[in-house]
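Notes follow the structure.
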Amino acid sequence: MNGDIMKKTIPFILLFALCSILYKPVINVSSQQTLSRKVVVLDPGHGGLDNGASVGKVNEDELNLKICFALKEELENRGATVYLTRTDDQDMTRRNYNYSKQDDMYLRALKIDEYKPDLFLSIHLNSSHSGAWGSQVFYYKKSENGKALANCIHQSMKEITGTKKNISSCEFYVLRATQSLGVLVECGFISNANERGQLKNSRYHKKLANAICDGIENYEKSLSPSS
Ligand SMILES: [Zn+2]
Numbered sequence: 102m103n104g105d106i107m108k109k110t111i112p113f114i115l116l117f118a119l120c121s122i123l124y125k126p127v128i129n130v131s132s133q134q135t136l137s138r139k140v141v142v143l144d145p146g147h148g149g150l151d152n153g154a155s156v157g158k159v160n161e162d163e164l165n166l167k168i169c170f171a172l173k174e175e176l177e178n179r180g181a182t183v184y185l186t187r188t189d190d191q192d193m194t195r196r197n198y199n200y201s202k203q204d205d206m207y208l209r210a211l212k213i214d215e216y217k218p219d220l221f222l223s224i225h226l227n228s229s230h231s232g233a234w235g236s237q238v239f240y241y242k243k244s245e246n247g248k249a250l251a252n253c254i255h256q257s258m259k260e261i262t263g264t265k266k267n268i269s270s271c272e273f274y275v276l277r278a279t280q281s282l283g284v285l286v287e288c289g290f291i292s293n294a295n296e297r298g299q300l301k302n303s304r305y306h307k308k309l310a311n312a313i314c315d316g317i318e319n320y321e322k323s324l325s326p327s328s
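Structure follows, in structure tokens:
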């Protein structure tokens with residue numbers, strides 16, 4: 102009886118093994134390599150003595166970092182080389198006393214350019230007293246490529262965040278002072294209770310990361326439509 106079961110089972114096992122061998126490379130090719138040879142810098146806003154926006158014990162700087170970790174994982178899954186301006190709860194000066202926004206931002210911009218990235222993303226959360234909600238992507242007003250990148254990321258993010266906001270030009274220091282192409286992404290409003298609930302959730306971080314990576318891919322495709 103055992104012999105019979107073995108005879109019937111072995112062909113199925115062999116077929117399964119053959120299918121695994123045949124299909125695995127196809128899956129790998131489609132889920133990787135889309136951002137290979139791309140260098141991306143992620144800049145989690147604030148840190149250390151600068152919590153950014155906060156509601157109760159929920160601080161923007163901590164959530165920015167968590168979203169950047171999810172983004173790093175997804176970008177690396179797609180073949181990119183990724184650097185972060187900070188990886189712990191410190192600002193760029195790492196002084197932990199006498200916080201200076203000016204020093205922090207100066208060092209942040211220098212660090213971003215040091216990596217000579219293809220692009221960088223500053224990740225932030227928004228805050229308002231009006232109950233506002235929704236993601237928004239900002240680009241430096243003099244950068245046409247920045248505008249195109251912002252638009253691609255905005256289009257894919259809005260499928261997740263449902264935002265009614267549009268992309269916006271700005272003169273934020275981190276975009277103005279850097280030589281590299283970059284955008285600033287406000288992932289949502291920490292001040293809005295519903296959105297705050299989502300922004301604290303690690304599964305939502307992965308969804309945001311996926312959407313932002315799709316946006317970057319679409320931008321890259323728009324540069325070389327033939328490939
Ligand atoms: Zn911020």
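Just so it is clear: in the sequence shown, position 192 is 293 by this note's numbering, and no numbers are missing.
Heads up, the beta-carbon is just placed ideally off N, CA and C, and yes, glycines get one too.
- Rounded to whole angstroms, the gap between the alpha carbons of Tyr200 and Leu208 is 13 Å.
- Ser236 places its beta carbon less than 8 Å from that of Glu287.
- Comparing alpha-carbon positions, the option among Leu172, Arg179, Asn165 and Thr194 lying closest to Leu150 turns out to be Thr194.
- Rounded to the nearest angstrom, the gap between the Cα atoms of Asn246 and Ser269 is 13 Å.
- Within the same chain, Cβ atoms closer than 6 Å to the Cβ of Tyr305 are found at Gln299, the five residues on either side in sequence being excluded.
- If only complete runs of 4 or more residues are kept, the stretch 245-297 shows the alpha helix (DSSP H) at 245-262 and 274-277, in order along the chain.
- In the DSSP assignment, Leu176 falls within the alpha helix (DSSP H) that extends over Glu161 to Asn178.
- Taking the C-beta atoms as reference points, Leu226 is found no nearer than 8 Å to Gly157.
- The beta-carbon distance between Leu250 and Val284, rounded to whole angstroms, is 5 Å. This is short enough to meet the 8 Å contact definition.
- Residue side-chain check: Ala210 keeps its Cβ at 7 Å or more from all non-hydrogen atoms of ligand 1.
- Rounded to whole angstroms, the Cβ separation of Arg187 and Pro218 is 15 Å, and the two are not in contact under 8 Å.
- Contact between Ile224 and Cys169 is confirmed by a C-beta separation of about 5 Å, below the 8 Å threshold.
- One alpha carbon belongs to Arg297, the other to Leu164, and they sit about 10 Å apart.
- Residue pairing for Leu185: DSSP places it in a beta bridge opposite Leu143.
- Ile317 is positioned such that its CB atom lies no closer than 8 Å to that of Ile261.
- In the three-state reduction of the DSSP assignment, Gln237 falls in the strand class, which pools E and B.
- In this structure, the CA atom of Gly148 is about 10 Å from the CA atom of Asn197.
- One residue list follows from the rule of a beta carbon closer than 5 Å to any heavy atom of ligand 1, given in chain order as Gly146, Gly153 and His225.
- Excluding five sequence positions before and after Leu185, the CB atoms of its chain that fall closer than 7 Å to its own CB belong to Leu143, Pro145, Cys169 and Lys173, given in chain order.
- Membership of Asn227 in the beta strand (DSSP E) is indicated by the continuous run Leu220 to Asn227.
- Separation of the CB atoms of Ser281 and Asp214 is rounded to 6 Å, and the pair is thereby assigned contact status at 8 Å.
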